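Position 112 (the sequence shown) corresponds to 95 in our numbering; numbering is contiguous.
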Amino acid sequence: MTTHEAFMRALFQGRAALIPYATAGYPDRSGFSRMVEQLLPYADLLEIGLPYSDPLGDGPVIQRASETALRNGTTVRKVLEMVHEVRAQTDKPIYLMTYLNPVIATGPERFFHEFAQAGVTGLILPDLPPDEDPELVDLAHAAGLSTTFLLAPTSTDARIAAVAPYCTGFVYTVSVTGVTGVRDRLPDGLPELVGRIRQHTQVPTAIGFGISSEATARQAALAADGVVVASALIRAVEEGRALEPVLEDIRRGLQKHSVPWPG
-16 MTTHEAFMRA
-6 LFQGRAALIP
4 YATAGYPDRS
14 GFSRMVEQLL
24 PYADLLEIGL
34 PYSDPLGDGP
44 VIQRASETAL
54 RNGTTVRKVL
64 EMVHEVRAQT
74 DKPIYLMTYL
84 NPVIATGPER
94 FFHEFAQAGV
104 TGLILPDLPP
114 DEDPELVDLA
124 HAAGLSTTFL
134 LAPTSTDARI
144 AAVAPYCTGF
154 VYTVSVTGVT
164 GVRDRLPDGL
174 PELVGRIRQH
184 TQVPTAIGFG
194 ISSEATARQA
204 ALAADGVVVA
214 SALIRAVEEG
224 RALEPVLEDI
234 RRGLQKHSVP
244 WPG
């Protein structure tokens, strides 16, 4: 299933696409596998985070998950194996969220090729300004990977125009400035932000950062084509709570989706 097909399927069902997140190797390898099994029935696309020692864009919940995964011995090679195992379970798009350092340390061509072979559909690269290193983006595309970059409420029209063309999977729209984390309410300006982004791209938009409830999911779904849920899920695992109630709550918010994706 392509990224386009996944978003279109959700659109035809009158809702936003759900993109849940799991940190590879958290709480351990078997726990990660169990988490993915619980996420897949709800997911239209799946985001897998490659744990990194200095995740500047992540809030404390995701940071703790990365630290735990790294302490448990999670490496790029083991994440490749985990992705391969997930791909054997589903044809849904899998997006790998990775900071740039592991890409450079592995070697970009090798990194992109091996993850594409393992079954990754695309990359989310939060700390790469794509217009500053278009050759690196081209290498990812040459390996058959889609690319997704982040735009925020503070992004100017000029910045949106510079970044959006490099988003070949979807545009990751950050709901608030700062780091990831659970929030009670999202800002009111999201529809305007997504509208500005849509002037520069035909790929779908997904809103992340702060989605933790039916109410916040509804706010995001009324503005964009997809909703990314991360910290709320990791926190549930951290606290030993079941994922299903969190996912059911968020899914109820997605059904209020009413803004058509023009792509």
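Here a beta-carbon is modelled for each residue, glycine too, at the ideal position from N, C-alpha and C. Quantities reported herein were computed from a predicted structural model and do not represent experimental measurements.
Using the Cβ count rule (16 or more neighbours within 10 Å means buried), how would you classify residue i?
| i | result |
| --- | --- |
| F(-10) | buried |
| P228 | exposed |
| E30 | buried |
| Q202 | buried |
| Q182 | exposed |
| T(-15) | exposed |
| A88 | exposed |
| G178 | exposed |
| D208 | buried |
| P113 | buried |
| R60 | exposed |
| P24 | exposed |
| Q185 | exposed |
| T163 | Low per-residue confidence applies at T163: pLDDT is 47, beneath 50, and the placement is therefore not dependable, though the value from the model is reported in the following sentence. Classification for T163: buried. |
| F(-5) | exposed |
| T188 | buried |
| A141 | exposed |
| V146 | buried |
| Q72 | exposed |
| S49 | buried |
Going by DSSP, what residue range makes up the alpha helix (DSSP H) through residue i?
| i | result |
| --- | --- |
| E30 | Unbroken run through E30 is the beta strand (DSSP E), L29 to G32; no alpha helix (DSSP H). |
| M(-16) | Note, M(-16): premise wrong, no alpha helix (DSSP H); not H, not E. |
| T57 | Element bounds for T57: n/a, residue is neither H nor E. |
| T89 | L83 to T89 |
| Q21 | R12 to L22 |
| L119 | P117 to A125 |
| A145 | D140 to V146 |
| I194 | Where I194 is concerned, there is no enclosing alpha helix (DSSP H), given that its DSSP letter is neither H nor E. |
| R179 | L173 to R181 |
| E227 | E227 to L237 |
Using the DSSP secondary-structure output, state which residues sit across from residue i in a beta bridge.
| i | result |
| --- | --- |
| P212 | Looking at the sequence provided, one finds Val at residue 212 rather than Pro. Per DSSP, P3. |
| T131 | I107 |
| A189 | Y155 and G209 |
Under 7 angstroms between the Cβ atoms of residue i and residue j?
| i | j | result |
| --- | --- | --- |
| A200 | L237 | yes |
| V120 | Y149 | yes |
| Q21 | L205 | no |
| V156 | I190 | The question names Val, yet the displayed sequence has Thr at residue 156. Yes, the pair counts as a contact, with Cβ atoms nearer than the cut-off. |
| M18 | A26 | no |
| D232 | E197 | yes |
| V210 | A(-1) | yes |
| G105 | Y82 | no |
| G127 | S158 | no |
| A101 | H124 | no |
| L63 | P91 | no |
| P76 | L28 | yes |
Name the two residues that bound the continuous beta strand (DSSP E) containing residue i.
| i | result |
| --- | --- |
| L79 | I77 to M80 |
Three or more C-beta pairs below 8 angstroms linking the stretch 7 to 16 and the stretch 27 to 39: yes
Segment contact, 8 angstroms Cβ cut-off, at least three pairs: the stretch 129 to 140 with the stretch 85 to 100: no
Given 8 angstroms, three or more beta-carbon pairs between the stretch 41 to 60 and the stretch 210 to 226: yes
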